[in-house]
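S.K.:
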(Lines of atoms letter the chains of each structure in order from A; the text may use other names.)
(Lines give C-alpha, C1' and ligand atoms only; values in the text may rest on other atoms or scores of the structure.)
Protein backbone atom coordinates (compact mmCIF):
# COMPACT_ATOMS: atom_id res chain seq x y z
CA UNK A 34 0.00 0.00 0.00
CA UNK A 35 2.82 2.42 0.85
CA UNK A 36 4.51 1.68 -2.47
CA UNK A 37 1.28 2.47 -4.34
CA UNK A 38 0.91 5.79 -2.50
CA UNK A 39 4.53 6.73 -3.20
CA UNK A 40 4.12 5.93 -6.86
CA UNK A 41 0.99 8.07 -7.02
CA UNK A 42 3.00 11.13 -6.01
CA UNK A 43 5.09 10.99 -9.17
CA UNK A 44 4.23 10.95 -12.84
CA UNK A 45 6.21 10.44 -16.00
CA UNK A 46 6.17 13.24 -18.55
CA UNK A 47 8.09 14.11 -21.69
CA UNK A 48 9.73 17.55 -21.72
CA UNK A 49 11.19 19.48 -24.66
CA UNK A 50 14.84 20.35 -23.97
CA UNK A 51 14.60 23.50 -26.09
CA UNK A 52 11.52 25.31 -24.78
CA UNK A 53 10.44 23.28 -21.71
CA UNK A 54 7.02 22.27 -23.06
CA UNK A 55 5.57 19.13 -21.46
CA UNK A 56 3.65 16.27 -23.05
CA UNK A 57 2.10 13.10 -21.69
CA UNK A 58 3.66 11.14 -24.57
CA UNK A 59 6.78 11.33 -26.68
CA UNK A 60 6.60 13.63 -29.72
CA UNK A 61 8.99 13.76 -32.62
CA UNK A 62 8.41 17.49 -33.20
CA UNK A 63 7.76 20.01 -30.47
CA UNK A 64 4.52 21.94 -31.11
CA UNK A 65 5.91 24.94 -29.23
CA UNK A 66 9.37 25.64 -30.71
CA UNK A 67 9.07 23.33 -33.77
CA UNK A 68 12.30 21.50 -32.84
CA UNK A 69 12.80 17.85 -33.76
CA UNK A 70 13.82 15.03 -31.39
CA UNK A 71 14.06 17.26 -28.30
CA UNK A 72 11.58 15.45 -26.00
CA UNK A 73 13.09 13.43 -23.15
CA UNK A 74 11.40 11.39 -20.47
CA UNK A 75 11.36 12.83 -16.95
CA UNK A 76 9.70 12.02 -13.65
CA UNK A 77 7.98 14.99 -12.06
CA UNK A 78 6.61 15.40 -8.54
CA UNK A 79 2.91 16.12 -8.11
CA UNK A 80 2.23 19.58 -6.69
CA UNK A 81 0.54 18.21 -3.56
CA UNK A 82 3.51 16.01 -2.81
CA UNK A 83 5.95 18.87 -3.35
CA UNK A 84 4.05 21.10 -0.97
CA UNK A 85 3.77 18.37 1.63
CA UNK A 86 7.27 17.04 1.81
CA UNK A 87 9.69 18.13 -0.88
CA UNK A 88 9.40 21.94 -0.90
CA UNK A 89 11.67 23.71 1.62
CA UNK A 90 9.90 25.17 4.60
CA UNK A 91 8.69 28.75 4.27
CA UNK A 92 8.62 28.69 0.47
CA UNK A 93 5.09 27.46 -0.20
CA UNK A 94 3.90 30.95 -1.19
CA UNK A 95 3.06 34.45 -0.04
CA UNK A 96 0.05 34.51 2.32
CA UNK A 97 -0.52 38.29 2.31
CA UNK A 98 -4.10 39.38 1.61
CA UNK A 99 -4.89 41.46 -1.50
CA UNK A 100 -4.70 45.23 -1.03
CA UNK A 101 -5.75 48.22 -3.11
CA UNK A 102 -3.07 49.53 -5.44
CA UNK A 103 -3.74 53.08 -4.29
CA UNK A 104 -3.00 52.06 -0.68
CA UNK A 105 0.41 50.59 -1.48
CA UNK A 106 3.26 52.81 -0.30
CA UNK A 107 5.92 53.03 -2.97
CA UNK A 108 9.55 52.56 -1.98
CA UNK A 109 12.76 53.25 -3.87
CA UNK A 110 14.87 50.32 -5.02
CA UNK A 111 17.76 49.60 -2.68
CA UNK A 112 20.85 48.68 -4.69
CA UNK A 113 24.30 47.30 -3.97
CA UNK A 114 27.08 48.87 -6.06
CA UNK A 115 29.74 46.33 -6.96
CA UNK A 116 32.40 48.90 -7.81
CA UNK A 117 32.65 47.54 -11.37
CA UNK A 118 31.36 50.47 -13.41
CA UNK A 119 30.68 48.45 -16.55
CA UNK A 120 28.81 45.78 -14.59
CA UNK A 121 26.71 48.27 -12.61
CA UNK A 122 25.80 50.14 -15.81
CA UNK A 123 24.38 47.02 -17.44
CA UNK A 124 22.53 46.13 -14.22
CA UNK A 125 20.80 49.51 -14.30
CA UNK A 126 22.82 51.18 -11.56
CA UNK A 127 23.64 48.27 -9.26
CA UNK A 128 22.31 45.02 -7.85
CA UNK A 129 18.76 45.35 -6.51
CA UNK A 130 18.10 43.84 -3.08
CA UNK A 131 15.87 40.77 -3.38
CA UNK A 132 16.45 40.35 -7.12
CA UNK A 133 17.65 37.28 -9.03
CA UNK A 134 20.14 37.77 -11.87
CA UNK A 135 20.96 35.08 -14.42
CA UNK A 136 24.41 35.31 -16.04
CA UNK A 137 24.47 33.18 -19.19
CA UNK A 138 27.11 32.52 -21.81
CA UNK A 139 29.22 29.95 -23.59
CA UNK A 140 31.44 27.65 -21.53
CA UNK A 141 34.75 29.30 -20.65
CA UNK A 142 33.64 32.81 -21.62
CA UNK A 143 34.11 34.22 -18.10
CA UNK A 144 30.74 33.88 -16.33
CA UNK A 145 32.22 32.50 -13.10
CA UNK A 146 35.02 35.08 -13.22
CA UNK A 147 32.73 38.10 -13.39
CA UNK A 148 30.38 36.66 -10.74
CA UNK A 149 33.30 35.93 -8.40
CA UNK A 150 34.81 39.34 -9.09
CA UNK A 151 31.54 41.15 -8.33
CA UNK A 152 31.03 39.02 -5.20
CA UNK A 153 34.54 39.85 -3.99
CA UNK A 154 33.94 43.58 -4.50
CA UNK A 155 30.62 43.39 -2.64
CA UNK A 156 32.14 41.48 0.29
CA UNK A 157 34.89 44.08 0.45
CA UNK A 158 32.18 46.65 1.20
CA UNK A 159 31.10 44.73 4.30
CA UNK A 160 28.29 42.68 2.75
CA UNK A 161 28.04 39.02 3.73
CA UNK A 162 28.42 36.90 0.59
CA UNK A 163 27.88 33.15 0.10
CA UNK A 164 29.43 31.59 -3.02
CA UNK A 165 27.93 28.16 -3.77
CA UNK A 166 30.31 26.32 -6.08
CA UNK A 167 28.78 23.20 -7.57
CA UNK A 168 31.36 22.58 -10.29
CA UNK A 169 34.60 23.38 -8.44
CA UNK A 170 35.95 22.43 -5.05
CA UNK A 171 36.50 25.06 -2.38
CA UNK A 172 40.27 24.93 -3.02
CA UNK A 173 39.81 25.51 -6.75
CA UNK A 174 37.53 28.48 -6.12
CA UNK A 175 40.11 29.89 -3.70
CA UNK A 176 42.80 29.65 -6.40
CA UNK A 177 40.67 31.74 -8.76
CA UNK A 178 39.81 34.22 -6.03
CA UNK A 179 43.51 34.72 -5.21
CA UNK A 180 44.01 36.19 -8.69
CA UNK A 181 41.23 38.73 -8.11
CA UNK A 182 41.43 39.61 -4.41
CA UNK A 183 44.40 41.38 -2.89
CA UNK A 184 43.38 39.99 0.49
CA UNK A 185 40.54 37.73 1.62
CA UNK A 186 37.42 39.40 3.00
CA UNK A 187 36.14 38.17 6.38
CA UNK A 188 32.55 38.28 5.04
CA UNK A 189 33.09 35.98 2.02
CA UNK A 190 31.94 32.38 2.47
CA UNK A 191 32.49 29.50 0.01
CA UNK A 192 30.80 26.09 0.00
CA UNK A 193 30.83 23.16 -2.42
CA UNK A 194 27.26 21.83 -2.55
CA UNK A 195 24.71 20.86 -5.21
CA UNK A 196 21.77 19.60 -3.11
CA UNK A 197 19.12 22.33 -2.91
CA UNK A 198 17.88 21.67 0.62
CA UNK A 199 21.44 21.75 1.95
CA UNK A 200 22.08 25.05 0.15
CA UNK A 201 18.94 26.54 1.72
CA UNK A 202 20.09 25.37 5.16
CA UNK A 203 23.42 27.16 4.66
CA UNK A 204 21.56 30.32 3.64
CA UNK A 205 19.31 30.09 6.72
CA UNK A 206 22.34 29.62 8.97
CA UNK A 207 24.57 32.38 7.53
CA UNK A 208 21.85 34.88 6.50
CA UNK A 209 23.96 36.32 3.63
CA UNK A 210 23.02 39.46 1.74
CA UNK A 211 24.41 38.20 -1.59
CA UNK A 212 24.36 34.60 -2.89
CA UNK A 213 26.07 33.24 -6.02
CA UNK A 214 25.04 29.80 -7.35
CA UNK A 215 27.61 28.44 -9.80
CA UNK A 216 25.94 26.88 -11.67
CA UNK A 217 22.19 26.28 -11.60
CA UNK A 218 22.53 23.29 -13.97
CA UNK A 219 24.25 21.12 -11.36
CA UNK A 220 21.86 21.92 -8.48
CA UNK A 221 19.23 19.26 -7.82
CA UNK A 222 16.30 18.64 -5.47
CA UNK A 223 16.02 15.18 -4.01
CA UNK A 224 12.24 15.03 -4.42
CA UNK A 225 12.44 15.18 -8.22
CA UNK A 226 13.29 11.96 -9.97
CA UNK A 227 15.08 13.44 -12.98
CA UNK A 228 18.83 14.02 -13.11
CA UNK A 229 20.58 17.37 -12.46
CA UNK A 230 20.51 19.66 -15.49
CA UNK A 231 17.19 18.37 -16.80
CA UNK A 232 14.32 20.71 -17.53
CA UNK A 233 12.39 19.72 -14.41
CA UNK A 234 15.34 20.08 -12.06
CA UNK A 235 16.52 23.41 -13.47
CA UNK A 236 13.02 24.89 -13.44
CA UNK A 237 12.09 23.76 -9.92
CA UNK A 238 15.44 24.67 -8.36
CA UNK A 239 15.46 28.11 -10.00
CA UNK A 240 11.87 28.75 -8.87
CA UNK A 241 12.60 27.83 -5.25
CA UNK A 242 15.80 29.88 -5.19
CA UNK A 243 13.90 32.86 -6.63
CA UNK A 244 11.21 32.57 -3.94
CA UNK A 245 13.94 32.34 -1.31
CA UNK A 246 15.71 35.46 -2.58
CA UNK A 247 12.53 37.54 -2.63
CA UNK A 248 11.25 36.35 0.76
CA UNK A 249 14.59 36.94 2.52
CA UNK A 250 15.72 40.07 0.64
CA UNK A 251 18.80 38.36 -0.85
CA UNK A 252 20.49 39.58 -4.01
CA UNK A 253 21.18 36.36 -5.91
CA UNK A 254 23.23 35.42 -8.96
CA UNK A 255 22.49 32.26 -10.94
CA UNK A 256 25.07 31.18 -13.51
CA UNK A 257 23.70 29.29 -16.52
CA UNK A 258 25.44 27.66 -19.45
CA UNK A 259 24.37 28.25 -23.03
CA UNK A 260 24.03 25.33 -25.39
CA UNK A 261 25.20 25.10 -28.99
CA UNK A 262 21.87 26.51 -30.16
CA UNK A 263 22.11 29.54 -27.89
CA UNK A 264 19.53 28.41 -25.32
CA UNK A 265 20.20 28.60 -21.60
CA UNK A 266 20.63 25.04 -20.34
CA UNK A 267 18.36 23.84 -23.13
CA UNK A 268 15.05 25.35 -21.91
CA UNK A 269 14.41 29.08 -21.92
CA UNK A 270 12.13 28.87 -18.88
CA UNK A 271 14.88 30.36 -16.71
CA UNK A 272 14.53 33.67 -18.52
CA UNK A 273 10.92 33.96 -17.34
CA UNK A 274 11.67 33.06 -13.73
CA UNK A 275 14.48 35.50 -12.92
CA UNK A 276 14.42 39.31 -12.81
CA UNK A 277 17.50 40.05 -14.92
CA UNK A 278 19.17 38.08 -17.70
CA UNK A 279 22.73 38.99 -18.66
CA UNK A 280 24.51 37.46 -21.64
CA UNK A 281 28.28 37.32 -21.58
CA UNK A 282 29.53 37.32 -25.18
CA UNK A 283 32.85 37.29 -26.96
CA UNK A 284 35.08 35.35 -29.30
CA UNK A 285 36.92 32.45 -27.71
CA UNK A 286 40.29 33.62 -29.03
CA UNK A 287 39.71 37.29 -28.28
CA UNK A 288 40.54 38.97 -24.97
CA UNK A 289 37.50 41.23 -25.06
CA UNK A 290 34.11 40.33 -23.60
CA UNK A 291 30.75 42.09 -23.90
CA UNK A 292 28.10 41.99 -21.17
CA UNK A 293 24.59 42.64 -22.45
CA UNK A 294 21.21 42.67 -20.67
CA UNK A 295 18.37 41.00 -22.57
CA UNK A 296 15.91 41.31 -19.69
CA UNK A 297 15.97 43.72 -16.76
CA UNK A 298 12.98 44.47 -14.54
CA UNK A 299 14.90 47.23 -12.76
CA UNK A 300 16.67 49.01 -15.62
CA UNK A 301 17.25 49.36 -19.33
CA UNK A 302 18.09 46.45 -21.62
CA UNK A 303 20.00 48.71 -24.02
CA UNK A 304 23.17 49.14 -21.99
CA UNK A 305 26.43 47.41 -22.84
CA UNK A 306 29.54 46.63 -20.78
CA UNK A 307 32.96 45.90 -22.28
CA UNK A 308 35.65 43.94 -20.41
CA UNK A 309 39.11 42.63 -21.18
CA UNK A 310 40.15 39.20 -19.90
CA UNK A 311 43.52 39.45 -18.15
CA UNK A 312 45.59 37.19 -15.93
CA UNK A 313 44.12 38.91 -12.86
CA UNK A 314 40.48 38.71 -13.91
CA UNK A 315 38.26 40.95 -15.99
CA UNK A 316 39.39 44.54 -16.47
CA UNK A 317 36.93 47.27 -17.45
CA UNK A 318 37.38 48.91 -20.84
CA UNK A 319 36.63 52.59 -20.26
CA UNK A 320 36.88 53.61 -23.93
CA UNK A 321 35.80 50.76 -26.25
CA UNK A 322 36.06 52.98 -29.35
CA UNK A 323 39.86 53.12 -29.13
CA UNK A 324 40.03 49.34 -28.71
CA UNK A 325 37.81 48.61 -31.72
CA UNK A 326 39.70 51.03 -33.98
CA UNK A 327 43.22 50.25 -32.77
CA UNK A 328 44.21 47.86 -35.60
CA UNK A 329 42.26 49.50 -38.40
CA UNK A 330 43.85 49.63 -41.84
CA UNK A 331 43.29 53.18 -43.07
CA UNK A 332 44.09 52.55 -46.75
CA UNK A 333 41.97 49.44 -47.37
CA UNK A 334 38.73 49.63 -49.29
CA UNK A 335 35.54 48.40 -47.64
CA UNK A 336 36.34 49.88 -44.21
CA UNK A 337 33.84 52.38 -42.77
CA UNK A 338 33.50 53.80 -39.24
CA UNK A 339 30.05 54.29 -37.70
CA UNK A 340 29.15 55.83 -34.32
CA UNK A 341 26.57 53.47 -32.82
CA UNK A 342 24.59 53.85 -29.62
CA UNK A 343 24.04 51.12 -27.02
CA UNK A 344 21.63 52.50 -24.46
CA UNK A 345 23.08 55.84 -23.42
CA UNK A 346 26.62 54.94 -24.42
CA UNK A 347 28.08 55.87 -27.82
CA UNK A 348 31.13 54.21 -29.33
CA UNK A 349 32.67 53.79 -32.74
CA UNK A 350 32.97 50.46 -34.54
CA UNK A 351 34.53 49.48 -37.84
CA UNK A 352 32.37 47.93 -40.55
CA UNK A 353 34.36 45.81 -43.01
CA UNK A 354 33.03 44.76 -46.38
CA UNK A 355 34.53 42.38 -48.93
CA UNK A 356 33.15 41.78 -52.42
CA UNK A 357 34.58 39.15 -54.76
CA UNK A 358 33.42 37.57 -58.00
CA UNK A 359 31.58 34.31 -57.34
CA UNK A 360 33.33 31.24 -58.67
CA UNK A 361 30.24 29.06 -58.22
CA UNK A 362 26.73 29.12 -59.60
CA UNK A 363 25.18 30.57 -56.42
CA UNK A 364 26.41 33.76 -54.79
CA UNK A 365 26.96 33.99 -51.03
CA UNK A 366 26.15 36.75 -48.57
CA UNK A 367 27.63 36.29 -45.09
CA UNK A 368 27.46 38.71 -42.15
CA UNK A 369 29.29 38.58 -38.83
CA UNK A 370 27.83 40.86 -36.14
CA UNK A 371 25.07 42.21 -38.41
CA UNK A 372 21.66 40.92 -39.44
CA UNK A 373 22.04 38.90 -42.65
CA UNK A 374 18.50 39.79 -43.81
CA UNK A 375 19.27 43.48 -43.38
CA UNK A 376 22.46 43.03 -45.40
CA UNK A 377 20.48 41.42 -48.25
CA UNK A 378 18.07 44.38 -48.22
CA UNK A 379 20.90 46.92 -48.42
CA UNK A 380 22.57 44.99 -51.24
CA UNK A 381 19.27 45.06 -53.15
CA UNK A 382 19.09 48.84 -52.66
CA UNK A 383 22.63 49.20 -54.07
CA UNK A 384 21.67 47.13 -57.10
CA UNK A 385 18.29 48.67 -57.89
CA UNK A 386 18.67 52.29 -56.76
CA UNK A 387 22.39 52.96 -57.15
CA UNK A 388 23.08 50.73 -60.17
CA UNK A 389 25.92 48.55 -58.81
CA UNK A 390 26.10 45.13 -60.53
CA UNK A 391 26.33 42.83 -57.53
CA UNK A 392 24.24 39.91 -58.76
CA UNK A 393 27.30 37.71 -59.45
CA UNK A 394 29.37 38.82 -56.44
CA UNK A 395 30.06 37.10 -53.12
CA UNK A 396 29.53 39.65 -50.32
CA UNK A 397 30.99 39.34 -46.83
CA UNK A 398 30.46 41.75 -43.96
CA UNK A 399 32.20 41.88 -40.58
CA UNK A 400 31.77 44.08 -37.50
CA UNK A 401 35.21 44.26 -35.89
CA UNK A 402 35.62 43.43 -32.21
CA UNK A 403 32.91 40.81 -31.80
CA UNK A 404 30.20 43.48 -31.44
CA UNK A 405 26.67 42.75 -32.62
CA UNK A 406 25.22 45.89 -34.21
CA UNK A 407 21.44 46.35 -34.22
CA UNK A 408 21.41 50.14 -34.42
CA UNK A 409 19.61 51.30 -37.63
CA UNK A 410 22.15 54.12 -37.88
CA UNK A 411 24.68 51.57 -39.20
CA UNK A 412 22.72 50.99 -42.44
CA UNK A 413 24.50 53.68 -44.46
CA UNK A 414 27.93 52.55 -43.21
CA UNK A 415 27.17 48.96 -44.28
CA UNK A 416 25.99 50.09 -47.71
CA UNK A 417 29.10 52.25 -48.24
CA UNK A 418 31.38 49.44 -47.00
CA UNK A 419 29.95 47.07 -49.64
CA UNK A 420 30.11 49.74 -52.35
CA UNK A 421 33.66 50.71 -51.38
CA UNK A 422 34.81 47.09 -51.56
CA UNK A 423 33.08 46.54 -54.91
CA UNK A 424 34.54 49.71 -56.47
CA UNK A 425 37.89 49.23 -54.67
CA UNK A 426 37.68 52.84 -53.55
CA UNK A 427 38.76 53.45 -49.90
CA UNK A 428 36.62 55.67 -47.69
CA UNK A 429 38.71 58.53 -46.23
CA UNK A 430 40.14 57.47 -42.88
CA UNK A 431 38.98 60.63 -41.10
CA UNK A 432 35.33 60.19 -42.17
CA UNK A 433 32.57 58.64 -40.08
CA UNK A 434 29.20 57.61 -41.54
CA UNK A 435 25.74 57.18 -40.01
CA UNK A 436 22.17 57.01 -41.23
CA UNK A 437 19.24 54.63 -41.68
CA UNK A 438 18.55 53.51 -45.25
CA UNK A 439 15.05 53.02 -46.65
CA UNK A 440 13.95 50.90 -49.59
CA UNK A 441 13.95 53.94 -51.88
CA UNK A 442 17.63 54.50 -50.93
CA UNK A 443 16.69 57.57 -48.89
CA UNK A 444 18.87 58.22 -45.82
CA UNK A 445 16.62 58.69 -42.79
CA UNK A 446 17.41 60.59 -39.63
CA UNK A 447 18.87 58.94 -36.51
CA UNK A 448 18.47 59.64 -32.80
CA UNK A 449 20.98 61.29 -30.44
CA UNK A 450 23.01 62.81 -33.25
CA UNK A 451 25.06 65.18 -31.07
CA UNK A 452 26.09 62.36 -28.72
CA UNK A 453 27.38 60.32 -31.65
CA UNK A 454 29.18 63.30 -33.21
CA UNK A 455 30.92 64.18 -29.95
CA UNK A 456 32.28 60.64 -29.72
CA UNK A 457 33.56 60.81 -33.31
CA UNK A 458 35.24 64.15 -32.68
CA UNK A 459 36.88 62.83 -29.51
CA UNK A 460 38.51 60.05 -31.52
CA UNK A 461 40.01 62.49 -34.03
CA UNK A 462 37.57 62.29 -36.94
CA UNK A 463 37.27 65.41 -39.07
CA UNK A 464 34.21 64.71 -41.20
CA UNK A 465 30.90 62.90 -40.72
CA UNK A 466 28.29 61.98 -43.33
CA UNK A 467 24.85 62.39 -41.77
CA UNK A 468 21.20 62.37 -42.93
CA UNK A 469 20.03 65.70 -44.32
CA UNK A 470 16.92 65.73 -42.13
CA UNK A 471 19.09 65.42 -39.03
CA UNK A 472 20.86 68.65 -39.95
CA UNK A 473 17.55 70.50 -39.99
CA UNK A 474 16.32 69.17 -36.65
CA UNK A 475 19.70 69.08 -34.92
CA UNK A 476 19.60 69.89 -31.20
CA UNK A 477 22.52 70.54 -28.91
CA UNK A 478 25.94 71.99 -29.60
CA UNK A 479 27.61 71.13 -32.90
CA UNK A 480 31.19 69.81 -32.54
CA UNK A 481 33.51 72.60 -33.63
CA UNK A 482 36.21 70.47 -35.30
CA UNK A 483 33.84 68.16 -37.18
CA UNK A 484 32.64 68.92 -40.71
CA UNK A 485 29.08 67.70 -41.28
CA UNK A 486 28.15 66.48 -44.76
CA UNK A 487 24.36 66.05 -45.12
CA UNK A 488 23.09 63.56 -47.73
CA UNK A 489 19.58 62.70 -48.89
CA UNK A 490 20.17 59.24 -50.38
CA UNK A 491 22.77 56.49 -50.78
CA UNK A 492 23.90 57.64 -54.22
CA UNK A 493 24.71 61.10 -52.88
CA UNK A 494 26.67 59.58 -49.97
CA UNK A 495 28.62 57.39 -52.40
CA UNK A 496 29.50 60.42 -54.53
CA UNK A 497 30.83 62.22 -51.44
CA UNK A 498 33.05 59.24 -50.61
CA UNK A 499 34.31 58.90 -54.19
CA UNK A 500 35.16 62.60 -54.20
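In the working numbering, the protein residues as written are 34 to 500.
Heads up, the beta-carbon is just placed ideally off N, CA and C, and yes, glycines get one too.
Measuring straight from C-alpha to C-alpha, what distance separates residue 291 and residue 306?
M.R.: Numbered from 1 along the chain shown, position 258 holds the residue referred to as residue 291. Numbered from 1 along the chain shown, position 273 holds the residue referred to as residue 306. If I take the Cα positions, the gap works out to 6 angstroms.
S.K.: Are the stretch 375-382 and the stretch 407-416 in contact at 8 angstroms, needing three or more beta carbon pairs?
M.R.: yes
S.K.: Beta-carbon within less than 7 angstroms of residue 140's beta-carbon, same chain only, minus the 5 sequence neighbours each way: which residues are those?
M.R.: Indexing the chain shown from 1 puts residue 140 at position 107. Result list for residue 140: 258, in chain order.
S.K.: In three-state terms, what does DSSP make of residue 146?
M.R.: In the chain shown, counting from the first residue as 1, residue 146 sits at position 113. Of the three classes helix, strand and coil, the one that applies to residue 146 here is helix, per DSSP.
S.K.: Taking Cβ to Cβ, would you say residue 352 is nearer than 8 angstroms to residue 339?
M.R.: Translated into the one-based positions of the chain shown, residue 352 becomes position 319. Translated into the one-based positions of the chain shown, residue 339 becomes position 306. Taking C-beta atoms as the reference points, residue 352 and residue 339 count as a pair closer than 8 angstroms.
S.K.: Between the beta-carbon of residue 480 and the beta-carbon of residue 436, is there less than 8 angstroms?
M.R.: Stepping through the chain shown from its first residue, residue 480 is reached at position 447. Stepping through the chain shown from its first residue, residue 436 is reached at position 403. Taking 8 angstroms as the Cβ cut-off, residue 480 and residue 436 do not qualify as a contacting pair.
S.K.: Going by the CB atoms, is the gap between residue 456 and residue 299 shorter than 8 angstroms?
M.R.: One-based indexing of the chain shown puts residue 299 at position 266. One-based indexing of the chain shown puts residue 456 at position 423. Between residue 299 and residue 456, the gap from beta carbon to beta carbon reaches 8 angstroms or more.
S.K.: Determine, using beta carbons only, whether residue 404 and residue 350 come nearer to each other than 8 angstroms.
M.R.: For the purposes of this step, residue 404 is taken as residue 371 along the chain shown, with counting starting at 1. For the purposes of this step, residue 350 is taken as residue 317 along the chain shown, with counting starting at 1. With contacts defined as CB atoms closer than 8 angstroms, residue 404 and residue 350 qualify as a contacting pair.
S.K.: How is the beta strand (DSSP E) around residue 224 delimited, first residue to last?
M.R.: Counted from its first residue, the chain shown places residue 224 at position 191. Unbroken run through residue 224: none, as it is neither H nor E.
S.K.: Comparing alpha-carbon positions, which option in 142, 399, 138 and 392 lies nearest residue 325?
M.R.: In the chain shown, the residue the question calls residue 325 occupies position 292. The residue with the shortest Cα to Cα distance from residue 325 is 399.
S.K.: Would you tell me roughly how many angstroms separate the C-alpha atoms of residue 418 and residue 103, rounded to the nearest one?
M.R.: For the purposes of this step, residue 418 is identified with residue 385 of the chain shown, where counting begins at 1. For the purposes of this step, residue 103 is identified with residue 70 of the chain shown, where counting begins at 1. Between the alpha carbons of residue 418 and residue 103 lies a gap of roughly 55 angstroms.
S.K.: Would residue 215 be called buried (16 or more neighbouring beta carbons within 10 Å of its own) or exposed?
M.R.: Start at 1 with the first residue of the chain shown, and residue 215 comes out as number 182. So residue 215 counts as buried.
S.K.: Answer with buried or exposed for residue 323, where buried requires no fewer than 16 other C-beta atoms within 10 angstroms of its C-beta.
M.R.: As a working mapping, residue 323 is identified with position 290 in the chain shown. Exposed.
S.K.: Can you look up residue 396 in the DSSP assignment and give me helix, strand or coil?
M.R.: Taking the first residue of the chain shown as position 1, residue 396 is located at position 363. Note: residue 396 maps to strand in three-state DSSP.
S.K.: Nearest to residue 446 by alpha carbon, out of 420, 459 and 487?
M.R.: In the chain shown, residue 446 corresponds to position 413, counting from 1. Nearest of 420, 459 and 487 to residue 446, Cα basis: 487.
S.K.: Assign residue 210 to one of two classes, buried (16 or more other C-beta atoms within 10 Å of its C-beta) or exposed (fewer than that).
M.R.: Indexing the chain shown from 1 puts residue 210 at position 177. Looking at its Cβ environment, which holds 16 or more other Cβ atoms inside 10 Å, residue 210 is buried.
S.K.: Using only CA atoms, which one of 296, 72 and 383 lies nearest to residue 55?
M.R.: Sequence index remark: in the chain shown, residue 55 carries index 22 (1-based). Of 296, 72 and 383, the residue nearest in Cα terms is 72.
S.K.: If you drop the 5 nearest sequence neighbours on each side, which residues of the same chain put their C-beta closer than 6 angstroms to that of residue 367?
M.R.: By one-based count along the chain shown, residue 367 stands at place 334. The answer, listed in chain order, is 397.
S.K.: Any idea what DSSP makes of residue 410, helix, strand or coil?
M.R.: For the purposes of this step, residue 410 is taken as the residue at position 377 of the chain shown. It is helical.
S.K.: Under three-state DSSP, which class holds residue 104?
M.R.: Translated into positions along the chain shown, residue 104 becomes position 71. Helix at residue 104.
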